[in-house]
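**Q** Below: one structure in structure tokens.
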Amino acid sequence: MLSTPIMTGYIPVAVAYAATALSTGLTPWQTVAMSLFVYTGAGQMAAVAMIGQGVSLLGITTAVFIMNLRHVIMSTVIMERLRRSPLWVRVLLSLGVTDEVFALETAGGQAKGADNAACFAGIALGAWASWAIGTCIGCGMTTFLPPELMSALGISLYALFISILTPQIRQHLPLAMVVTVSAVTSTLIGSSQGIIIGSLAGAAAGMFLVKEEDLP
Amino acid sequence: MNMLVLTICLALSTAIPRILPAVFISRMHFSRGARKFLRLLPVSVMAALIFPGVIQSSPNAAACLTTIGLSVFCGLMNWPPITAVLASAGAVWLLLVLM
Numbered sequence: 656m657l658s659t660p661i662m663t664g665y666i667p668v669a670v671a672y673a674a675t676a677l678s679t680g681l682t683p684w685q686t687v688a689m690s691l692f693v694y695t696g697a698g699q700m701a702a703v704a705m706i707g708q709g710v711s712l713l714g715i716t717t718a719v720f721i722m723n724l725r726h727v728i729m730s731t732v733i734m735e736r737l738r739r740s741p742l743w744v745r746v747l748l749s750l751g752v753t754d755e756v757f758a759l760e761t762a763g764g765q766a767k768g769a770d771n772a773a774c775f776a777g778i779a780l781g782a783w784a785s786w787a788i789g790t791c792i793g794c795g796m797t798t799f800l801p802p803e804l805m806s807a808l809g810i811s812l813y814a815l816f817i818s819i820l821t822p823q824i825r826q827h828l829p830l831a832m833v834v835t836v837s838a839v840t841s842t843l844i845g846s847s848q849g850i851i852i853g854s855l856a857g858a859a860a861g862m863f864l865v866k867e868e869d870l871p
Numbered sequence: 026m027n028m029l030v031l032t033i034c035l036a037l038s039t040a041i042p043r044i045l046p047a048v049f050i051s052r053m054h055f056s057r058g059a060r061k062f063l064r065l066l067p068v069s070v071m072a073a074l075i076f077p078g079v080i081q082s083s084p085n086a087a088a089c090l091t092t093i094g095l096s097v098f099c100g101l102m103n104w105p106p107i108t109a110v111l112a113s114a115g116a117v118w119l120l121l122v123l124m
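As structure tokens, then:
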């Protein structure tokens with residue numbers, strides 16, 4: 656199975672997402688529905704964090720949309736390879752594009768004569784299924800946990816973000832400047848406008864401060 | 026917050042960026058600058074979320090610093106994200122129970 660490395664990576668993150676979503680007050684159904692239909696790791700985490708912070712529906716949608724704009728690039732690269740597949744196949748498969756699927760698909764290269772669409776479908780479906788299954792496992796686990804631990808889990812969402820960001824910064828030190836600009840701007844402005852303006856300011860600063868080879 | 030409406034809005038906001046290239050593949054071109062900006066966005070969005078969020082969701086300063094410290098450590102060690110989640114949730118839980 657080509658998607659095995661993604662599955663082992665997704666399940667623990669999905670468990671963590673489910674735990675934090677439930678501790679923010681979402682029901683298990685809402686938590687699983689987000690994983691099935693929204694299907695964006697960082698975006699779902701961000702959405703849950705913003706629900707917890709009381710950000711408006713428009714604010715949450717805008718912030719998640721901005722986060723997802725990167726998928727335009729990834730989907731473009733993958734669709735280049737699936738150019739010969741029919742439109743409905745391309746549209747269906749495009750819904751499976753994630754950071755990790757993209758990394759695996761592009762890092763692995765293409766076997767000569769392989770059916771690109773079938774190969775990509777396998778990776779994408781495996782990843783999607785493991786994200787959903789991990790969310791279900793997380794929902795199941797958290798019903799047995801004490802309430803103090805559930806409230807402690809609320810903060811663990813940020814632990815997750817930090818532990819995703821830290822290795823990237825360690826590898827590409829100039830990204831620390833992007834993080835600093837985003838964090839300071841967003842903290843100073845506050846609320847959902849802060850998150851959106853902070854994100855844009857950080858990326859804009861990165862345009863000048865980060866070299867091409869230091870991009871994540 | 027109407028969760029059904031939110032889920033639909035979020036589903037659209039993730040589906041649209043993914044589907045657009047599938048439909049318009051032959052007509053899409055990005056400048057190098059645009060590519061760079063889009064690749065920087067995930068990092069900057071996460072950073073913009075973390076700092077106001079971790080301060081707001083912490084019951085006290087000790088919990089806030091513990092979470093940041095432990096998760097930076099797990100990240101630097103390249104441990105899987107679940108370790109940072111479990112370590113900081115466990116530590117904050119202990120803090121809440123003990124204090």
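Heads up: the sequence lines are chains Z and V, in that order. Read left to right, the first sequence gives residues 656 to 871 (this note's numbering). Read left to right, the second sequence gives residues 26 to 124 (this note's numbering). Even for Gly, the Cβ is constructed at its ideal location relative to N, Cα and C. Remember, it's a predicted structure, so these values are computed and weren't measured experimentally.
Quick one: is Gln823(Z) near chain V, going by C-beta distance under 8 Å?
**A** Within the first sequence, residue 823(Z) is the residue found at index 168, counting from 1. Yes, contact with chain V.
**Q** Measuring straight from C-alpha to C-alpha, what distance separates Val70(V) and Cys774(Z)?
**A** Sequence index remark: in the second sequence, residue 70(V) carries index 45 (1-based). Sequence index remark: in the first sequence, residue 774(Z) carries index 119 (1-based). Straight-line Cα distance between these residues: approximately 31 Å.
**Q** Return the chain-ordered list of same chain residues with a C-beta closer than 7 Å to the C-beta of Ser818(Z), the five sequence neighbours on each side being excluded.
**A** Working through the first sequence from its first residue, we reach residue 818(Z) at position 163. Once the five neighbours on either side are set aside, Ser818(Z) has no close Cβ partner at all.
**Q** By Cβ distance below 7 Å, which residues in the same chain neighbour Phe55(V) in space, the five residues on each side in sequence not counted?
**A** One-based indexing of the second sequence puts residue 55(V) at position 30. Around Phe55(V): no qualifying Cβ.
**Q** Measure the Cβ-Cβ separation of Arg43(V) and Ser740(Z) and say whether it is below 8 Å.
**A** As a working mapping, residue 43(V) is identified with position 18 in the second sequence. As a working mapping, residue 740(Z) is identified with position 85 in the first sequence. No.
**Q** Should Glu868(Z) be flagged as near chain V, meaning a C-beta pair shorter than 8 Å?
**A** Translated into positions along the first sequence, residue 868(Z) becomes position 213. It does not; no Cβ of chain V falls within 8 Å.
**Q** So, Ala109(V) versus Ala697(Z), is the Cβ gap smaller than 8 Å?
**A** Locating residue 109(V) in the second sequence gives position 84, counting from the first residue. Locating residue 697(Z) in the first sequence gives position 42, counting from the first residue. No.
**Q** Can you confirm whether Ala47(V), when its beta carbon is compared against all beta carbons of chain Z, has any partner nearer than 8 Å?
**A** For this step, residue 47(V) is matched to residue 22 along the second sequence. Yes, Ala47(V) counts as interfacial toward chain Z.
**Q** Output the distance between the C-alpha atoms of Ala86(V) and Thr686(Z), rounded to the nearest integer angstrom.
**A** Translated into positions along the second sequence, residue 86(V) becomes position 61. Translated into positions along the first sequence, residue 686(Z) becomes position 31. Cα-Cα distance, rounded: 29 Å.
**Q** List the residues of chain V whose Cβ lies closer than 8 Å to the Cβ of Thr659(Z), in chain order.
**A** As a working mapping, residue 659(Z) is identified with position 4 in the first sequence. The contacting residues do not exist; Thr659(Z) stays about 15 Å from chain V at best.
**Q** Find the nearest neighbour of Ser730(Z) within the set Phe720(Z), Trp743(Z) and Val752(Z), judged by alpha-carbon distance.
**A** Translated into positions along the first sequence, residue 730(Z) becomes position 75. Closest by alpha carbon: Val752(Z).
**Q** With a cut-off of 8 Å, does the C-beta of Arg52(V) fall near any C-beta of chain Z?
**A** The residue labelled residue 52(V) in the question sits at position 27 within the second sequence. Cβ-Cβ to chain Z under 8 Å: no for Arg52(V).
**Q** Counting contacts by CB-CB distance shorter than 8 Å, is Met28(V) in contact with chain Z?
**A** Locating residue 28(V) in the second sequence gives position 3, where the first residue counts as 1. Cβ-Cβ to chain Z under 8 Å: yes for Met28(V).
**Q** For a contact defined as C-beta to C-beta under 7 Å, what are the partners of Met722(Z) on chain V?
**A** The residue you call residue 722(Z) lines up with position 67 of the first sequence. Under the 7 Å cutoff, chain V gives Leu66, Pro67 and Val70.
**Q** Establish whether the CB of Phe816(Z) and some CB of chain V are separated by less than 8 Å.
**A** For the purposes of this step, residue 816(Z) is taken as residue 161 along the first sequence, with counting starting at 1. By this cut-off, Phe816(Z) is an interface position.
**Q** At a cut-off of 7 Å, would you count Pro741(Z) as near the ligand SAH, judging by its Cβ distance to the nearest heavy atom?
**A** In terms of ligand content, the structure shown is empty, and the ligand SAH therefore cannot be addressed.
**Q** Below 8 Å, can you find three or more Cβ-Cβ pairs linking the region 825 to 834 of chain Z to the region 701 to 715 of chain Z?
**A** Not touching, per the Cβ criterion.
**Q** Going by beta carbon distance, what residues of the same chain come within less than 7 Å of Lys767(Z), once the five residues before and after it are set aside?
**A** Within the first sequence, numbered from 1, the residue matching residue 767(Z) stands at position 112. Per-residue confidence for Lys767(Z) stands at a pLDDT of 43, beneath the threshold of 50, marking its modelled position as unreliable; no derived number is given.
**Q** Identify whether Arg738(Z) lies in helix, strand or coil by the three-state DSSP scheme.
**A** Taking the first residue of the first sequence as position 1, residue 738(Z) is located at position 83. Residue state, collapsed to three classes: coil.
**Q** Output, in chain order, the set of chain V residues within a Cβ distance shorter than 9 Å of Pro683(Z).
**A** The count along the first sequence starts at 1 and reaches residue 683(Z) at position 28. None at all; the shortest Cβ gap to chain V is about 12 Å.
**Q** Smallest Cα separation from Ala73(V): which of Leu864(Z), Phe720(Z) and Ile852(Z)?
**A** Sequence index remark: in the second sequence, residue 73(V) carries index 48 (1-based). Checked all of Leu864(Z), Phe720(Z) and Ile852(Z); the closest Cα to Ala73(V) is Ile852(Z).
**Q** What residue ranges within the region 696 to 723 of chain Z form continuous beta strand (DSSP E) runs of no fewer than 3 residues, ordered along the chain?
**A** The region 696 to 723 of chain Z contains no whole beta strand (DSSP E) run of 3 or more residues.
**Q** In chain V, which residues lie less than 9 Å from Phe692(Z) when you measure between Cβ atoms?
**A** Stepping through the first sequence from its first residue, residue 692(Z) is reached at position 37. Under the 9 Å cutoff, chain V gives Thr32, Ile33, Leu35, Ala36, Thr39 and Ala40.
**Q** Could you say which of Ile715(Z), Gly849(Z) and Gln826(Z) lies nearest to Ala702(Z) if we only look at CA atoms?
**A** Walking along the first sequence from the start, residue 702(Z) turns up at place 47. Comparing Cα-Cα distances from Ala702(Z) to each of Ile715(Z), Gly849(Z) and Gln826(Z), the minimum goes to Ile715(Z).
**Q** Taking Cβ-Cβ distances shorter than 7 Å, what residues in chain Z pair up with Asn85(V)?
**A** Your numbering for residue 85(V) matches position 60 in the second sequence. By Cβ distance, chain Z contributes nothing, its closest Cβ being about 11 Å from Asn85(V), past 7 Å.
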